[in-house]
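Residue numbers (the numbering used here), protein chains in the order written: chain A, 1 to 579; chain B, 580 to 1158. The C-beta atom is built at its ideal place from N, Cα and C for all residues, glycine as well.
2 protein chains.
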Amino acid sequence: MVEIFSQYENSLTLKLLLLSLFVFVTSVPSVEARIRRYRWEVKYEYRSPDCYKKLVITINGRAPGPTILAQQGDTIVVELNNSLLTENVAIHWHGIRQIGTPWFDGTEGVTQCPILPGDTFTYKFVVDRPGTYLYHAHYGMQRQAGLYGSIRVALPDGEAEPFSYDYDRSIILNDWYHQSTSEQAVGLSSKPFVWVEEPQSLLIQGRGKFDCTSSPSIGDGLCNASSPDCSPYAMTVVPGKPYRLRIGRLPALAALRLEIEGHNMSVVEADGHNVEPFVVKNLFIYSGETYSVLIKADQNPSRNYWMSSKVVSRNSTTPNGLAIFNYYPNHPRRNPPTVPPAGPLSNDLAPRVAQSNAIKSHQGYALPPPLKPDRVIVLLNTQNEINGYKRWSLNNVSLKFPHTPYVIALGEKLLHSFDQTPPPDSYDVANYDIYSIANNTNAIASNSIYRLQFNTIVDIILQNANTMTADNSVTHPWHLHGHDFWVLGYGTGKFDVNSDPKKYNLVNPIMKNTVPLHPYGWTALRIRADNPGVWAFHCHIEYHFYMGMGVVFEEGIERLGRLPSSVMGCGATKAFHRP
Amino acid sequence: MVEIFSQYENSLTLKLLLLSLFVFVTSVPSVEARIRRYRWEVKYEYRSPDCYKKLVITINGRAPGPTILAQQGDTIVVELNNSLLTENVAIHWHGIRQIGTPWFDGTEGVTQCPILPGDTFTYKFVVDRPGTYLYHAHYGMQRQAGLYGSIRVALPDGEAEPFSYDYDRSIILNDWYHQSTSEQAVGLSSKPFVWVEEPQSLLIQGRGKFDCTSSPSIGDGLCNASSPDCSPYAMTVVPGKPYRLRIGRLPALAALRLEIEGHNMSVVEADGHNVEPFVVKNLFIYSGETYSVLIKADQNPSRNYWMSSKVVSRNSTTPNGLAIFNYYPNHPRRNPPTVPPAGPLSNDLAPRVAQSNAIKSHQGYALPPPLKPDRVIVLLNTQNEINGYKRWSLNNVSLKFPHTPYVIALGEKLLHSFDQTPPPDSYDVANYDIYSIANNTNAIASNSIYRLQFNTIVDIILQNANTMTADNSVTHPWHLHGHDFWVLGYGTGKFDVNSDPKKYNLVNPIMKNTVPLHPYGWTALRIRADNPGVWAFHCHIEYHFYMGMGVVFEEGIERLGRLPSSVMGCGATKAFHRP
């Protein structure tokens, strides 16, 4: 599939010329500047992204926020002014490894203190790899309030990807709730537990469509089907041209599949790494993942086509998200003449596992993993009840951030500020039945962390299990900060530490920062602990993470220089010491 | 009126005995303890105070929060744990002068940095005067989210008030909106301006009644007329007994009148000062004021009576707030057989001004004011537009807090952190027409403050004027922190600095901390600048204050000792200095 695009010369000069002439095009990074400065004002504004009016966190008036365009090796400087009234904020640069700058990872509780209302905080970091990345709030559940956007890092001048295209496009897929994040959080941390239920709509590039005639919104004056905020996103393409479509995924809850009616997609990039291309009709994509796919506008040019996103892995009541794949010069608002494609059944796991297995590193770009680990950490994913509150745990430990963020606590040697006893490297493998309802009455909430010996090789085995509901196990997209990991393999059932490693792909495993853990299955990852800092590793479902579904890794903290004082100011570093 | 109660012996021993036997009674302070400790957890919870379910900020699960009961001279220690998810908080002890502890006044931006989520902050202060006070959030507009309560300070053992009663009761009157404070704030700071409109209901001691069948709430599933949260508050009284009713007022917007059907009220205390008793049928009360009234349960004991609060000074659409004045042993849920009293017309200013003028210091308790001021500050109250945003200003200056709270900036000599040029002591008195629409195109937003010479006498003249709407001037309740002021007089029209001071009451003016400024009128206050600190003086309408309606006074800051570092941690005192 990918070969059909090779006839198009990937000439940057020609591309720039074409782009500047074409009105619908998004800009590409200038090749001269090496420091890219952004001034962002973060505040609440009313928006109606799915026709339903609610408060959204905007950046410079926009939600999703502006796309960061850079070139490999550039330094990104974001001066973020918090103009929320009473809420703090922090922004994570998802997929950027923050080598040498772990304090700018933007993870409140792990790498920095929150940014107070009125404060201006400067993030400064290098984008050291080309590819498609994301940014989003990493404080409370603010990501779900709309604070997110795309990062696109181009190759250095003169270097080329192993695939070609004429135009570059980015979209972010999301789900959308009408409740505020505070309302959701109160439910999740209540006795009895109140679940957020299914999202009201799915957004494609910040636009969706809620049915204003549905109860209970009818008559409350907040839903306006003709609001310009919720006109479907239209991606305009020139007939016959090849496109690179960069897709980011940030839903709070749902796993999705994306389909562009009548068009195949050739997957070429995953989380910033070149993929041995393979063709799909439906791309399954999990919260926190990014992909690039190549698409050729090679269908009947007299009409438009549907782009459709759909919840998978849950029996969701949420209607599909729709956008328009607009063949120029058809009007971008002109609906396709067809019914949007239905796609595979939402509970059909096989094609999703097949896609996970199909993603391999592009030949010639594979960096083979070290052959053996120095340490293996097996993480049993369970739902538990702790003091009557529903939580998620790993090996019966539910993550609760300490009062002083870890990077600061360790960098400033304030070791009293969190539990120094490490959490367990495994669970009771022999006796635990992953197919039964969890009965982990001994689960605890803790802020303890895994300390990894610097530069060692660590395998992380994610082991899925039954939730607290009978015959139920759910997909978890796991995201690691500060690292790309090798994806050694996926399996079904209970991981066998003796036999399963023999099936690992040690030849061309893809490297990623986010990976699904399928129901009742396992996922095996390998990292080299060579990035000094403290890094969160967590389920990217906002609600699961809020309920404790994460762990924290430290490595090489002693190699870090002086921490910038800008990240401090809370916990043990609140207020200034007197002379 | 007050004499009828004098037959009841105000014996503390007898009272304690009676109280301990009577099931409906609230407790009175123990006389032994001198330090009163409270541990408060502040968080969001769902409540339906007027039958409509929304997020409310609770203290230890309660909204309004627990009543602080103390005795004059006690030290109050409140360990406040902020369990909000992403919002900071600060609590003001309204009416407590904070002598020697100005940093614990709880006014974010003036006296302390905000308390971060997860932080525990300890307020510690002395209640140096007996009387009825309040506490409430003083950060953003969180007060309107329900974070408030009462403080009741008893006399020392053996001392008696100049009035007597058998039982002591407290209620707080409030108004209630269904929007969140963030939603309201976004509207107020938008172009075009979006006003909050009239409150959805009035609460008496945290309970009100919204009409669940009214649009648009009908059908949204959030309104439940039979929720126990919104059963009317019932104040149970024993027939024939005399009661002291302490009334606090904290509405975001409305001035109110309170009426207890068929019962006269004898006003005996205002803002902690003994009043020369006078009898009213309707008590007018403005946001931030407290009163004690004596009531005798001397009506037909076979039925209950309405307690009714009503918006005055606005053409409000908000229905009256209702509670039940329950004659024991009638059932407290039994509605009175009558239609709730209507009270005077809401736009009838005369009785309100008459009440203001009627409040004099109790003879024998009057502390006469100094005869002459050292300085006179006249503050013209106007509505303005600044950079297209609607604001309120004093002498054309709209208050905007600096990034480092004033007490900290001055205490730590960080003078660069706010504008050192003082705001003007007056306005263009000769040429300004207070009856015309404000045309203050030169209004500015500023963080400059009034610096008062220590121990000098300062007169503050509040001058009302027309708003930006023709033929419109609105009541503003002005509240001063750190002080009680003498209320020298009220007048209509433009204050004349030569003739009007001759009409001042210098014999028995009441001292208060909150006072109304009536439409197109003036109010004259006198203070002695003898409390070292920095003190906010502002309109107590939450929305007006948010829109800049306040000034700040500094006095004797050089006399303060070392500031506790717990109040720091923001602005110029963010994070700790390295050794």
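Proximal residues of chain A, C-beta to C-beta of residue i below 9 Å
i        : result
A1103(B) : Result: empty, since nearest Cβ-Cβ is about 34 Å, beyond 9 Å.
M1147(B) : K574, A575 and F576
L634(B)  : S180, S182, E183 and V186
S1144(B) : K574, A575, F576, H577 and R578
For residue i, the nearest candidate out of the options (CA to CA)
i       : options                                 : result
I643(A) : E269(A), R244(A), N531(A) and L480(A)   : The shown model of chain A, from 1 to 579, leaves out residue 643(A), and the question about it has no answer.
E620(B) : V1130(B), V765(B), L664(B) and F1033(B) : L664(B)
G819(B) : F857(B), A876(B) and G652(B)            : A876(B)
Y243(A) : I171(A), G548(A), A255(A) and H273(A)   : I171(A)
Q383(A) : D428(A), V196(A) and N464(A)            : N464(A)
V552(A) : E108(A), Y504(A) and R36(A)             : E108(A)
Y712(B) : V1146(B), R825(B), S793(B) and Q942(B)  : R825(B)
D653(B) : A642(B), P709(B), W682(B) and E666(B)   : P709(B)
V238(A) : L258(A), A255(A), T290(A) and Y327(A)   : Y327(A)
M141(A) : F545(A), H178(A) and T120(A)            : F545(A)
Inter-residue Cα distance where the pair is residue i and residue j
i        : j        : result
A831(B)  : Y1122(B) : 7 Å
Q892(B)  : M1047(B) : Looking at the sequence itself, residue 892(B) is Ser, so the reference to Gln does not match. Computed Cα separation, rounded: 17 Å.
S30(A)   : G149(A)  : With a pLDDT of 46 at S30(A), under the threshold of 50, the modelled position of this residue cannot be trusted, and the question is left open.
R1150(B) : P693(B)  : The question names Arg, but residue 1150(B) in the sequence shown is Gly. Approximately 11 Å, taken between the alpha carbons.
S810(B)  : G725(B)  : 17 Å
R352(A)  : F284(A)  : 6 Å
A279(A)  : D433(A)  : Strictly speaking, residue 279(A) in this sequence is Val, with Ala absent from that position. Cα to Cα, V279(A) sits roughly 37 Å from D433(A).
Y625(B)  : T181(A)  : 13 Å
N926(B)  : L782(B)  : 21 Å
P162(A)  : W486(A)  : 20 Å
H538(A)  : W478(A)  : 5 Å
K400(A)  : L506(A)  : 35 Å
R249(A)  : Y286(A)  : 6 Å
R451(A)  : Y427(A)  : 18 Å
Y504(A)  : P370(A)  : 12 Å
A33(A)   : A366(A)  : No answer about A33(A) holds up, because its pLDDT of 49 lies below 50 and its placement is not dependable.
V23(A)   : P329(A)  : The predicted model places V23(A) with a pLDDT of 31, which falls under 50 and marks its position as unreliable; any figure quoted below should be read in that light. Going from the Cα of V23(A) to the Cα of P329(A) covers about 12 Å.
F1155(B) : I35(A)   : 29 Å
L1139(B) : E991(B)  : 11 Å
V705(B)  : I655(B)  : 6 Å
S448(A)  : P156(A)  : 41 Å
V196(A)  : Y291(A)  : 28 Å
N304(A)  : P332(A)  : 8 Å
L600(B)  : P1098(B) : With a pLDDT of 37 at L600(B), under the threshold of 50, the modelled position of this residue cannot be trusted; read the value that follows with caution. Rounded to whole angstroms, L600(B) to P1098(B) spans 48 Å at the Cα level.
S606(B)  : E840(B)  : Any reading at S606(B) needs caution, since the residue's pLDDT is 42, under 50, leaving its predicted position unreliable; the model's value is listed next. Roughly 26 Å between the two C-alpha positions.
Contact set between residue i and chain B, taken where Cβ atoms lie within less than 8 Å
i       : result
P114(A) : T665, L695 and P696
Proximity below 7 Å, CB of residue i to CB of residue j
i        : j        : result
V732(B)  : Q651(B)  : yes
Y38(A)   : V78(A)   : yes
P1228(B) : N661(B)  : Only positions 580 to 1158 of chain B appear in the structure, and residue 1228(B) is not among them; the question remains open.
G95(A)   : G272(A)  : yes
L322(A)  : S308(A)  : yes
R391(A)  : D459(A)  : no
S940(B)  : N1087(B) : yes
M844(B)  : F904(B)  : no
Proximal chain B residues relative to residue i, where beta-carbon distance stays under 9 Å
i       : result
Y44(A)  : S761, E762, A764 and V765
S417(A) : What S417(A) touches in chain B: nothing, since even the nearest Cβ is about 12 Å away.
D105(A) : Per Cβ cutoff of 9 Å: no residues; D105(A) is ~17 Å from chain B at best.
7 Å Cβ cut-off: residues of chain A touching residue i
i        : result
S887(B)  : The contacting residues do not exist; S887(B) stays about 30 Å from chain A at best.
H1117(B) : Within chain A, no residue comes near H1117(B); the closest Cβ sits about 17 Å away, beyond 7 Å.
G719(B)  : L85 and T86
Partners in chain A for residue i, counting only beta-carbon separations shorter than 8 Å
i        : result
N1122(B) : Note that residue 1122(B) corresponds to Tyr in the displayed sequence, not to Asn. Here the premise fails: no neighbours, minimum Cβ distance about 13 Å.
Segment contact flag, the stretch 62-71 of chain A with the stretch 98-106 of chain A, C-beta cutoff 8 Å, min 3 pairs: no
Inter-stretch contact at 8 Å, needing at least 3 Cβ pairs: the stretch 488-498 of chain A / the stretch 528-538 of chain A: The stretch 488-498 of chain A makes no contact with the stretch 528-538 of chain A: fewer than 3 CB pairs, one atom from each, lie closer than 8 Å.
Three or more C-beta pairs below 8 Å linking the stretch 976-993 of chain B and the stretch 1138-1156 of chain B: yes
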